[in-house]
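Counted from 1, the sequence shown has number 32 at position 38 by the working numbering; the numbering is strictly sequential.
Heads up, the thing below is written out as structure tokens.
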Amino acid sequence: MRVDDSRIVPTFELEAAELALSGGPIAGVDEAGRGPWAGPVVAAAVILDPSRIPQGIDDSKALDADDRERLFERISVTALAIGVGVGDVDRIDRDNILAATMWAMSEAVGQLSARPRLAIIDGNRAPRLACQTRTIVKGDAKCLSIAAASIIAKVTRDRLMVELAREMPGYGFERHKGYGTPEHRAALVRLGLTPQHRRSFKPVQLALSLAEASAS
-5 MRVDDSRIVP TFELEAAELA LSGGPIAGVD EAGRGPWAGP VVAAAVILDP
45 SRIPQGIDDS KALDADDRER LFERISVTAL AIGVGVGDVD RIDRDNILAA
95 TMWAMSEAVG QLSARPRLAI IDGNRAPRLA CQTRTIVKGD AKCLSIAAAS
145 IIAKVTRDRL MVELAREMPG YGFERHKGYG TPEHRAALVR LGLTPQHRRS
195 FKPVQLALSL AEASAS
């Protein structure tokens, strides 16, 4: 890993070593949206082309929105394969957020046009897959394939939340993307829950209780 301005940035070193040792394809897998109060959790799987890796790929959290959009487009046209899985709110409330995330990751890998030999996954838990898996804590800051997946997942989810904002105005989904901001909390108290709110999340239950108390 290279160090730039005292920050570790992702490289292709792990993937290159695996490709040389055992071959590929190798998919990076990451998710976006485990913490928000509303909207789906989205996972992405990306198999990068080692000869066409776009410059500037990084952990999506280290990039601004414009850079994420630009890299989303570049990854989309250069990657060997991309898969996306979307765990909706019903699944999150029924199964819990971890199970919904694992399901979305499995769906994302299943959507790849090429079956990977190895899936490298951000975090310390892996879904059940029909290929080898390896978990890497903070992998989106270490491995380019996972960082690419983080960008695809984040931009895909952000776009979904902007669409929800058009369908459900007043909540500010286009700004906070469903996360627990003061604006979002105030909208919940003022307007109540939507079908896109995660009723199993305690902050949502609390906001609903506050709204009910204000109305009584």
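Glycine included, C-beta positions come from ideal geometry on N, C-alpha and C.
Asked	Found
Taking DSSP as the reference, what is the three-state secondary structure of residue 188?	coil
Taking the alpha carbon of residue 35 as the reference point, which residue from 82, 138, 18 has its own alpha carbon closest?	82
State the Cα-Cα distance for the pair residue 5 and residue 137, rounded to the nearest angstrom.	5 Å
When you compare only the Cα positions, how much space is there between residue 116 and residue 180?	33 Å
Check for me: the beta strand (DSSP E) holding residue 78 runs from which residue to which?	75 to 81
Could you check whether residue 27 and residue 147 sit closer than 9 Å to each other, using their CB atoms as the reference points?	yes
Who are the Cβ neighbours of residue 10 in its own chain at under 6 Å, not counting the five residues just before and after it?	none
Out of 96, 169, 86, 127, point me to the one whose CA is closest to residue 193's CA.	86
Using the Cα positions of residue 65 and residue 59, report the straight-line distance between them to the nearest angstrom.	10 Å
By the DSSP assignment, the alpha helix (DSSP H) with residue 104 in it spans what residues?	91 to 104
Using a Cβ-Cβ cut-off of 6 Å (strictly less than) and excluding sequence neighbours within five positions of residue 173, which residues of its own chain qualify?	30
So residue 63 packs on residue 149, CB below 8 Å; how close in whole Å?	6 Å
Please work out which residues of its chain come closer than 7 Å, Cβ to Cβ, to residue -4, disregarding the five sequence neighbours upstream and downstream, and give them in chain order.	Here residue -4 scores only 40 on pLDDT, less than 50, and its place in the model should not be relied on; the value that follows carries that caveat. The residues are 3, 5.
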